[in-house]
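Chemist:
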Amino acid sequence: MLTVCALLLGLSQPLHATRAGAPDAAPGHLRIATWNMCGVLQWNCESTGTRGEKIRALKRLAGSDRTDVVMLQEVCAGDLTDARNELGEDWHSTFLPYAVQDAEGRRTAVRCAEARRGTAGLALLAISPLTEVSAVSTRQPAVGLHRGIICATAAALAVRVCNAHLSLPNGDRAHAEREFRDDQLKSLVGAADERTVFGGDLNSAPPRSADGDSWIWPYAAYRTYRECDQRSLASRAGRATHSTGHKVDYLFTVLPRTGCSVRSTGASDHLALIMQVGAPA
Numbered sequence: 020m021l022t023v024c025a026l027l028l029g030l031s032q033p034l035h036a037t038r039a040g041a042p043d044a045a046p047g048h049l050r051i052a053t054w055n056m057c058g059v060l061q062w063n064c065e066s067t068g069t070r071g072e073k074i075r076a077l078k079r080l081a082g083s084d085r086t087d088v089v090m091l092q093e094v095c096a097g098d099l100t101d102a103r104n105e106l107g108e109d110w111h112s113t114f115l116p117y118a119v120q121d122a123e124g125r126r127t128a129v130r131c132a133e134a135r136r137g138t139a140g141l142a143l144l145a146i147s148p149l150t151e152v153s154a155v156s157t158r159q160p161a162v163g164l165h166r167g168i169i170c171a172t173a174a175a176l177a178v179r180v181c182n183a184h185l186s187l188p189n190g191d192r193a194h195a196e197r198e199f200r201d202d203q204l205k206s207l208v209g210a211a212d213e214r215t216v217f218g219g220d221l222n223s224a225p226p227r228s229a230d231g232d233s234w235i236w237p238y239a240a241y242r243t244y245r246e247c248d249q250r251s252l253a254s255r256a257g258r259a260t261h262s263t264g265h266k267v268d269y270l271f272t273v274l275p276r277t278g279c280s281v282r283s284t285g286a287s288d289h290l291a292l293i294m295q296v297g298a299p300a
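The numbering used here puts the sequence shown at residues 20 to 300.
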């Protein structure tokens, strides 16, 4: 039986299926991806692919791209369940739903446009049981959309992963001037340790001196923790991960990075970012 915490987080147990799990990464290495599926059609995602195309793209990301863990944002719970079941019984997932909070503090779940797709949220999909699942507490708009941060330990891989989807600027309908990403990034970095890979859709440009919002980034980002596409300690650049030509998707760790790639899935306005790291000892 699922625990109360697991039920609240949408922790799902894999059903039996006939397909085998994804092949392993190179010996001694793990491959971890982040991908915003753009599954919430009413969020300007109508032309980014059908439900079937998104599920097939997720299965390719887990299979052909040999990822061990996939961080997902804007995923529909029904799509996640179907993809996990088709991948096979080795795959596990956990899900944190989005919610809209009104001025009276009432929260309403965000539904995907098609009934069978269920609730929208962020998720972790892994070829490992997921333990120590938790939602990281952080500041959210007083009135507006609450996204979130979810962490879990991929037990068989000996790595912890934290997936974040940060608020947009001007995301508080009651206080448009308030900025939340600085506190949310601080919470995300604060949840990490030497065995953690963290990131997601951070709705932020890389920190550069010319950018007015570079101040939102914690000191440890790019210094203590290195980003997937970071070429040197001084670098803050990275390849675009969004159809607009901007980088908004990130993966950070102190584990040794042995590869970083950007993949077009053909089923989202975001590209998938994939990092290969040395497995924790």
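Quick reminder that beta carbons are idealized off the backbone N, C-alpha and C, glycines included.
Quick check on the DSSP output: what are the complete beta strand (DSSP E) runs of length 3 or more inside the region 217-261, in order along the chain?
Modeler: Complete beta strand (DSSP E) runs here, min 3: none at all.
Chemist: Where E213 and Q61 are concerned, what is the direct C-alpha to C-alpha distance, given to the nearest angstrom?
Modeler: The alpha-carbon atoms of E213 and Q61 are separated by roughly 38 Å.
Chemist: Of the choices C64, V59, E65, A300, whose alpha-carbon is the least far from that of T215?
Modeler: Measuring from the Cα of T215, the nearest candidate turns out to be A300.
Chemist: Have a look at R197 and G209 and give me their C-alpha separation to the nearest angstrom.
Modeler: Rounded to the nearest angstrom, the two C-alpha atoms are 21 Å apart.
Chemist: Threshold first: 4 residues or longer. Then list the alpha helix (DSSP H) segments lying entirely within the region 174-222, N to C.
Modeler: 200-209, all fully within the region 174-222.
Chemist: Using the C-alpha atoms, what's the distance from C181 back to L187?
Modeler: L187 and C181: Cα-Cα distance of roughly 19 Å.
Chemist: Among the residues of its own chain, which have a CB less than 6 Å from the CB of Q203, if the five just before and after it don't count?
Modeler: Cβ neighbours of Q203 beyond the five flanking positions: T157, L185.
Chemist: Kindly provide the ranges of any alpha helix (DSSP H) runs that are 4 or more residues long and lie completely inside the region 102-183, ordered along the chain.
Modeler: The region 102-183 contains no whole alpha helix (DSSP H) run of 4 or more residues.
Chemist: Checking 8 Å against the spacing of the C-beta atoms, do G278 and K266 come in under that value?
Modeler: Result no, Cβ atoms of G278 and K266 do not sit closer than 8 Å.
Chemist: Specify the secondary structure class of D65 as computed by DSSP and reduced to three states.
Modeler: The sequence given here places Glu at residue 65; Asp does not occur at that position. Correct three-state label for E65: coil.
Chemist: Nearest-angstrom Cα distance between G124 and E72?
Modeler: Rounded to whole angstroms, G124 to E72 spans 36 Å at the Cα level.
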